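Some notes on the structure that comes next.
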Amino acid sequence: MSSLLKKIQELAEQQANANIDTRRHLHAHPELSFHEFKTQVYVESQLNKLGIPTQRIANTGVIAIIEGKNPTKKVVALRADMDALPIQETNDIPYKSQNPGVMHACGHDVHTSSLLGTARILQSVKDEFEGTIKLLFQPAEEKAPGGASIMIQEGALQNPSPAGILGQHVATNIPVGKVGFREGMYMASADELYLTVKGKGGHGAMPDQCIDPIVIASHIIIAMQQIISRNKNPRLPSVLSFGKFIAEGATNVIPNEVKIEGTFRAMDEEWRADGLAKMKKLAEGIAESMGGSCDFFVLKGYPFLKNNPELTRRMKEAAVEYMGADNVIDLDIWMAAEDFAFYTHHVDACFYRLGTRNDDKGIIHGVHTPNFNIDEKALHVGPGLMAWLAIQELSLA
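Once you know that position 289 of the sequence shown is 289 in full-length UniProt numbering, the rest is easy, because the numbers rise by one and skip nothing.
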């Protein structure tokens, strides 16, 4: 075990309680996407106390730079998201959300506090590594167009430009003390579909005098699933789901229109574009053939997330060094979406999972639920691990 590795582990343990305090402060004061104003000020103050210069970006985001020896040798970026969700927390804990209807239910308080902990460690050992660490505290992961896309547009990956970027996310299905990695495609793109099927309403007893949008919409929903099963490469995962179907009629009233909302997810950008085009053409064609019409609107979301295989392999090996092989697992593909994906289409990237589950303590609830919580021993792991991964990547010129 190298002396630097041991030193990072010791620093991580010494600072764990401070990281937990940071997380609890953030958890108690959550802010919604694009409104992380107090969180931004808090992050800046914590970094400035460490002597780390900061710069604002994307309105409520923060960039910080930690320079080691020979800072131009190589640059690695580390990212944490900061926004919360519009959920009323039900946990009975001392640090429960103080903002009604707003909650850190996806672990972004953990991500931010962990990266601040990583910054403390890196600042302490900056004379023992070469290169530069770029910290990205990002707003608005939870809301389109995604804070990552705005960060990139405003130059987060420039001046200096990183050779790679790392991100971590809590995992409620992985026991605390373990982390997970996956090479290649990992998370899906996510586009929102909004269809308005228009017909001609009337009395339910006289359908011959109507153009029934409910029947048209039903045909569209069934037919669109055949695009997934018949047109998609079966080796590429993809999902089409509709969760909203509104027809403002009655038992004896056929409405004038039906509104449908759903999500389309893919693991390939070419298929994503092709699938959306086919769906639009099919929906409009079916509606027209049945005497109606269909307005088909797509709210483009995040691209699919791809982990660079070589970088991810190196990071997994470094994690084994830091934590031991028994505590590093392989991840499966996940059809959820994450705006870290934007970075992965611009620079080599590795997005990994930090275990937070503890069945014995009843810490078992998933993200985006009102009783989500973590085993805070994850903050004994996350900050030091990310510091070690970053330094290991910098060591490869």
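Every residue, glycine too, gets a C-beta built ideally from N, C-alpha and C.
Predicted model, so just to flag it, every value in this text is computed and none were measured.
In DSSP terms, what residue 307 is bridged to: Residue 307 sits at position 307 when you count from the first residue of the sequence shown. Note: residue 307 sits in a beta bridge opposite 184.
From 137, 348 and 176, pick the residue whose C-alpha is nearest to that of residue 329; which is it? Along the sequence shown, one-based indexing puts residue 329 at 329. Nearest neighbour of residue 329 by Cα position, chosen from 137, 348 and 176, turns out to be 176.
Assuming residue 384 contacts residue 40 under a Cβ cut-off of 8 Å, what Cβ separation, rounded to an integer in Å, is found between them? Counting from 1 along the sequence shown, the entry for residue 384 is found at position 384. Counting from 1 along the sequence shown, the entry for residue 40 is found at position 40. Not quite, the Cβ-Cβ distance comes to about 25 Å (not below 8 Å), so this is no contact.
Could you round the C-beta distance between residue 276 and residue 191 to whole angstroms and report it? I think they count as a contact, below 8 Å. If you number the sequence shown from 1, residue 276 lands on position 276. If you number the sequence shown from 1, residue 191 lands on position 191. That pair is a contact at about 7 Å.
Give the DSSP-derived three-state secondary structure of residue 203 in the structure shown. Counting from 1 along the sequence shown, the entry for residue 203 is found at position 203. Note: residue 203 maps to strand in three-state DSSP.
For the stretch 278-293 against the stretch 190-204, do three or more pairs of beta-carbon atoms, one drawn from each stretch, fall closer than 8 Å, so that the two count as touching? By the Cβ criterion, the stretch 278-293 is in contact with the stretch 190-204, since at least three pairs of Cβ atoms, one from each stretch, lie closer than 8 Å.
Check residue 398 in the structure and name its three-state DSSP category. Residue 398 lies beyond the stretch modelled for the chain, which goes from 1 to 397, so this question has no answer here.
Within 10 Å of its beta-carbon, does residue 359 have 16 or more other beta-carbons around it, so buried, or fewer, so exposed? Working through the sequence shown from its first residue, we reach residue 359 at position 359. The Cβ neighbour count for residue 359, taken over all protein chains shown within 10 Å, is under 16; the residue is labelled exposed.
Using 8 Å as the threshold, is the C-beta distance between residue 246 and residue 210 below it? Within the sequence shown, numbered from 1, the residue matching residue 246 stands at position 246. Within the sequence shown, numbered from 1, the residue matching residue 210 stands at position 210. No Cβ-Cβ contact shorter than 8 Å links residue 246 with residue 210.
Helix, strand or coil at residue 257 [DSSP, three-state]: Within the sequence shown, the letter at position 257 stands for residue 257. Shown here, residue 257 sits in a strand according to DSSP, grouped into three states.
Look up residue 56 in the DSSP assignment and say whether it is helix, strand or coil. Taking the first residue of the sequence shown as 1, we reach residue 56 at position 56. Of the three classes helix, strand and coil, the one that applies to residue 56 here is strand, per DSSP.
At least 3 beta-carbon pairs within less than 8 Å: the stretch 82-99 vs the stretch 169-185: Result no; under three Cβ-Cβ pairs closer than 8 Å.
Just confirm the distance between the C-beta atoms of residue 338 and residue 111, as a whole number of angstroms; I'd bet it's less than 8 Å. Position 338 of the sequence shown, counted from the start, is the residue given in the question as residue 338. Position 111 of the sequence shown, counted from the start, is the residue given in the question as residue 111. Residue 338 to residue 111, Cβ: 11 Å. No contact.
Should the stretch 81-95 be called in touch with the stretch 140-149, which here means at least 3 C-beta pairs below 8 Å? Result yes; three or more Cβ-Cβ pairs closer than 8 Å.
I'd like to check one pair, residue 130 with residue 68: are the Cβ atoms closer than 8 Å? Here residue 68 refers to the residue found at position 68 when the sequence shown is read from its first residue. Here residue 130 refers to the residue found at position 130 when the sequence shown is read from its first residue. Contact flag set, yes.
Does any C-beta atom of chain B lie closer than 8 Å to the C-beta of residue 48? The structure shown has no chain B; it contains just one protein chain.
Are the Cβ atoms of residue 411 and residue 15 separated by less than 8 Å? Given that the chain is displayed from residue 1 to residue 397, the structure contains no residue 411 and the question cannot be resolved.
CB of residue 379 within 8 Å of CB of residue 113, strictly: Counting from 1 along the sequence shown, the entry for residue 379 is found at position 379. Counting from 1 along the sequence shown, the entry for residue 113 is found at position 113. Yes, Cβ-Cβ distance for residue 379 and residue 113 is below 8 Å.
Are the CB atoms of residue 302 and residue 189 within a distance shorter than 8 Å? Here residue 189 refers to the residue found at position 189 of the sequence shown. Here residue 302 refers to the residue found at position 302 of the sequence shown. For residue 189 and residue 302, yes; Cβs fall inside 8 Å.
Could you compute how far the alpha carbon of residue 208 sits from the alpha carbon of residue 283? The count along the sequence shown starts at 1 and reaches residue 208 at position 208. The count along the sequence shown starts at 1 and reaches residue 283 at position 283. Straight across, the Cα-Cα distance linking residue 208 with residue 283 is about 22 Å.
Tell me where the beta strand (DSSP E) around residue 194 begins and ends. The sequence position of residue 194 within the sequence shown is 194, counting from 1. Unbroken beta strand (DSSP E) run through residue 194: 189-198.
Quick one: what's got a C-beta closer than 7 Å to residue 120's C-beta in the same chain, skipping five residues either side? Residue 120 sits at position 120 when you count from the first residue of the sequence shown. Excluding residues within five positions, the ones whose Cβ falls inside 7 Å are 15 and 50.
Could you tell me if residue 89 is buried or exposed, where buried requires 16 or more neighbouring beta carbons within 10 angstroms of its beta carbon? Within the sequence shown, numbered from 1, the residue matching residue 89 stands at position 89. Answer is buried; the Cβ neighbour count reaches 16.
Would you list, in sequence order, the uninterrupted alpha helix (DSSP H) runs of no fewer than 4 residues that lie entirely inside the stretch 92-164? Here the runs fully enclosed are 108-124 and 147-153.
According to DSSP, is residue 232 helix, strand or coil? Start at 1 with the first residue of the sequence shown, and residue 232 comes out as number 232. Correct three-state label for residue 232: coil.
For residue 356, the first and last residue of its enclosing alpha helix (DSSP H): Counting from one through the sequence shown, the residue named residue 356 turns up at place 356. Run containing residue 356: none in the alpha helix (DSSP H); it sits in the beta strand (DSSP E), 348-357.
Assuming contact is defined by CB atoms lying nearer than 8 Å, are residue 193 and residue 386 in contact in what I supplied? Sequence index remark: in the sequence shown, residue 193 carries index 193 (1-based). Sequence index remark: in the sequence shown, residue 386 carries index 386 (1-based). Taking C-beta atoms as the reference points, residue 193 and residue 386 fail to come closer than 8 Å.
Going by beta-carbon coordinates alone, are residue 171 and residue 180 separated by less than 8 Å? Residue mapping note: residue 171 aligns to position 171 of the sequence shown, counting from 1. Residue mapping note: residue 180 aligns to position 180 of the sequence shown, counting from 1. Cβ distance < 8 Å, so residue 171 and residue 180 count as in contact.
Spatial distance of residue 336 from residue 236 (CA atoms): Position 336 of the sequence shown, counted from the start, is the residue given in the question as residue 336. Position 236 of the sequence shown, counted from the start, is the residue given in the question as residue 236. Cα atoms of residue 336 and residue 236: separation of roughly 15 Å, rounded to the nearest angstrom.
Residues bridged to residue 51 by DSSP? Walking along the sequence shown from the start, residue 51 turns up at place 51. Per DSSP, none; premise fails for residue 51.
CB residue 74 to CB residue 397, shorter than 8 Å? Here residue 74 corresponds to residue number 74 of the sequence shown, with the count starting at 1. Here residue 397 corresponds to residue number 397 of the sequence shown, with the count starting at 1. Yes, the pair counts as a contact, with Cβ atoms nearer than the cut-off.
Kindly indicate which residue of 348, 2, 327 and 122 has the alpha-carbon position closest to the one of residue 174. Taking the sequence shown and counting its residues from 1, the one referred to as residue 174 is at position 174. Considering only alpha carbons, the answer is 327.
Candidates 248, 370, 355 and 234, of which the one nearest residue 102 by Cα: Within the sequence shown, the letter at position 102 stands for residue 102. Nearest neighbour of residue 102 by Cα position, chosen from 248, 370, 355 and 234, turns out to be 370.
What's the C-alpha gap between residue 224 and residue 231? Start at 1 with the first residue of the sequence shown, and residue 224 comes out as number 224. Start at 1 with the first residue of the sequence shown, and residue 231 comes out as number 231. So the alpha carbons of these two residues sit roughly 10 Å apart.
Using 8 Å for Cβ pairs, my map puts residue 351 next to residue 167. What's the rounded Cβ distance? Counting from one through the sequence shown, the residue named residue 351 turns up at place 351. Counting from one through the sequence shown, the residue named residue 167 turns up at place 167. Their Cβ separation, rounded to whole angstroms, is 5 Å, which keeps residue 351 and residue 167 in contact under 8 Å.
Write down every uninterrupted run of the beta strand (DSSP E) in the stretch 275-321 whose length is 3 residues or greater and which is fully enclosed by it, in chain order. Counting whole runs of 3 or more residues, the stretch 275-321 contains the beta strand (DSSP E) stretches 293-299 and 305-307.
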